[in-house]
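Remarks on the structure that follows.
In our numbering, the protein residues as written are 181 to 851.
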């Protein structure tokens, strides 16, 4: 019997090397591998799983230098050409090798050496009876604005990007669900992708989807799933069994062969931008994927990002509006400013806010106090010599976590016991400076001993499932006063909540980040929107030392339109996004001088007509975990010009001889 003639597999591997690698494979006619399959190969003295991106009869590499592929995962149907094109676009746009994009986008259990987990998941999925009844249940009647929006989204054909601008409580979720019902009814095998910015928003929406579509398989994709769960849900989407896929940003890279609609909820949220590894924007990739597939996409928010608002104003996106709350007789809460120069706070709370909380307790209603600073206090200090609890590894402070009797750095996770005396002068009277959620919780428990007080932040919800359990407690009415960080600010529908108190928002007014005012406004509007959703009159009290600031005036009047228009005008005058396109080169080294030196070389290594390369500067958080960091900002009024420059620049940077670790971020959010 003749040996089969070899073919050559071009395989992308998760490596910083910007190349695909050729391997030999015995290509019998009935067993010829397909593009999009996974293969086990030997690479750099280890065995890894790669992605087949080409199958050829010849290779440019000498045959004696080629290795044989070890196995092909034939039991898994190939990833589609459309999915490979999505991964290729992301790699090209964000200046990363294809393997670094495509492979991490797959479940970890698909990338392990053995097929045990894959075979087990495939068998389990085969036993599941995928329901095939897309008929929705319990369809509520929409108001006129909601119905118009749902029909516009559900009836859209081709690439139709829509910005759903709706005030908090206007029923955007119901619009999504009824638009989904129209798409599922029209498309016999169609799939829908719904993205939310944070994991803790998935349970409530998942419950709504399951109740509305009991005859449709739903898959969820987010990082809190076990690897086995993620594999099973990913396969359900990949095989087309899951008609609706709900997930966080990583779900945008899931395989959906019959995708017909994409929904991006809270599209303004910065959580859609990955901040490690491949620094992609799930929202932006979703828009490109909708264009690629020529399908509708809806981006919903009560406070749209300025980029999306600009697109809507210029006609690139269709704007759909929900100006009123969906619940009958429900109105937006009254927003009032408390001048902290006149009403001096005690334990962080002004007399007016304390009286408002007491009034809610007497009426059996719930209050929410929002403070986006976890821990007990941002720092402890010695009033005798001025010592403060600085992190020894970062240019930041050690935050006091009093219940745990620890100081903790929120950047490098360094922990230490609270010192008994000042390390500098020996003074035993060390004082907390400032307030975090733990300290506010302690003060409220002392002030209202009969009240049921609950704190929800990253510290109180570390255990799996604890966040959802905490939110369920609030929804059941078993909490009188809720204290929380940004975890409680969006997406949650607290029926009995009639008071929102916002503590210490002023620091963002003086940030060097030009996006700070946009983010603060969105945060205030979102947390304010938790109040009064069930039709009970409600109010929002903002404690500030700057009540005359125009940002607070816009919040008082719920006036996003004028606020966004003013910010866009400022951005245009200052030549900032969305009127300019940026990339950020970061460098890390043991010494700051090394990072600056590398960035200076990077600045001067390539001619750049039409491209502005700013001088290298230390990052705001200069040292993290004993590593010094600096950055270099690149700008251009033309996105294609910037992309062309970056492609050539990255090749040049790879040739620079330096021990500095560097990374490039396109469309950075934090500068």
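Virtual Cβ for every residue (Gly too), placed ideally from N, Cα, C.
All values derive from a computational prediction rather than experimental measurement.
Please name the residue or residues paired with residue i in a DSSP beta bridge.
i           : result
residue 190 : 202, 234
residue 312 : 396
residue 792 : 815
residue 242 : DSSP output for residue 242 lists no bridge partner at all.
residue 842 : 767
residue 596 : 587
residue 803 : 808
Tell me where the alpha helix (DSSP H) around residue i begins and ends.
i           : result
residue 605 : No alpha helix (DSSP H) holds residue 605; DSSP gives it neither H nor E.
residue 825 : 819-835
residue 651 : 646-655
residue 735 : 730-736
residue 683 : Unbroken run through residue 683: none, as it is neither H nor E.
What residue does the beta strand (DSSP E) around residue i start on, and which one ends it?
i           : result
residue 408 : Careful: residue 408 lies outside any beta strand (DSSP E), inside the alpha helix (DSSP H) at 407-418.
residue 371 : 371-375
residue 556 : Neither: residue 556 is in no beta strand (DSSP E) and is coded neither H nor E.
residue 381 : It is not in any beta strand (DSSP E) - residue 381 carries neither H nor E in the DSSP assignment.
residue 692 : Looking at the DSSP string, residue 692 is not in any beta strand (DSSP E), and its letter there is neither H nor E.
residue 467 : Not the beta strand (DSSP E): residue 467 falls in the alpha helix (DSSP H), residues 462-473.
residue 579 : 579-581
residue 356 : Residue 356 -> not in any beta strand (DSSP E); alpha helix (DSSP H) instead, spanning 352-366.
residue 759 : Where residue 759 is concerned, there is no enclosing beta strand (DSSP E), given that its DSSP letter is neither H nor E.
residue 719 : 719-724
Within 10 angstroms of its Cβ, does residue i collect 16 or more other Cβ (buried), or is it exposed?
i           : result
residue 590 : buried
residue 214 : exposed
residue 676 : buried
residue 238 : exposed
residue 321 : exposed
residue 842 : buried
residue 663 : buried
residue 308 : exposed
residue 181 : Reliability of the predicted coordinates at residue 181 is poor, the pLDDT of 43 falling under 50, and the value obtained from them is presented with this limitation in mind. The residue in question, residue 181, is exposed, as its Cβ has fewer than 16 Cβ neighbours within 10 Å.
residue 446 : buried
residue 605 : exposed
residue 562 : buried
residue 624 : buried
residue 226 : exposed
residue 485 : buried
residue 690 : exposed
residue 411 : buried
residue 490 : buried
residue 565 : exposed
residue 642 : exposed
residue 579 : buried
Put residue i into one of helix, strand or coil per three-state DSSP.
i           : result
residue 674 : coil
residue 290 : helix
residue 571 : coil
residue 851 : coil
residue 628 : coil
residue 550 : strand
residue 521 : coil
residue 810 : strand
residue 211 : helix
residue 196 : coil
residue 455 : coil
residue 617 : helix
residue 295 : coil
residue 321 : coil
residue 745 : helix
residue 882 : Residue coverage of the chain in this structure runs from 181 to 851, which leaves residue 882 outside it and unanswerable.
residue 477 : strand
Let me see if you follow: with CB-CB separation under 8 Å, is residue i close to chain B or not?
i           : result
residue 227 : Of the protein chains in the structure, only one exists, and it is not chain B.
Exercise for the section: Indicate whether the contact test is met: 3 or more Cβ pairs, each with one atom in the segment 784-794 and one in the segment 808-826, closer than 8 Å. Expected result: yes
Problem - Cβ pair count under 8 Å reaching 3, the segment 298-318 against the segment 358-366 - result: yes
Problem - Touch test, the segment 825-832 against the segment 749-760, Cβ-Cβ under 8 Å, three pairs minimum - result: no
Exercise for the section: Flag this pair as touching only if the segment 470-481 and the segment 286-304 have three or more C-beta atom pairs under 8 Å; answer yes or no. Expected result: no
Practice task
Decide if the segment 647-659 is in contact with the segment 565-584; the criterion is three or more beta carbon pairs, one per stretch, under 8 Å apart.
Solution key: no
Handout entry: the segment 495-509 / the segment 336-346 touching (three or more Cβ pairs under 8 Å)
Key = yes
Problem - Any 3 or more C-beta pairs closer than 8 Å across the segment 256-270 and the segment 432-442 - result: yes
Exercise for the section: Pair every Cβ in the segment 379-397 with every Cβ in the segment 266-275, then say whether three or more of these pairs are closer than 8 Å. Expected result: no
Practice task
Would you be able to state if there are at least three C-beta pairs under 8 Å between the segment 422-430 and the segment 368-380?
Solution key: yes
Handout entry: At least three beta-carbon pairs within less than 8 Å, the segment 704-712 to the segment 504-517
Key = yes
Practice task
Would you check if there are 3 or more beta carbon pairs closer than 8 Å linking the segment 461-469 to the segment 670-684?
Solution key: no
Practice task
Tell me, please, whether the segment 806-817 touches the segment 241-249 by the rule of three or more beta-carbon pairs shorter than 8 Å.
Solution key: no
Handout entry: Given 8 Å, three or more beta-carbon pairs between the segment 549-558 and the segment 736-747
Key = no
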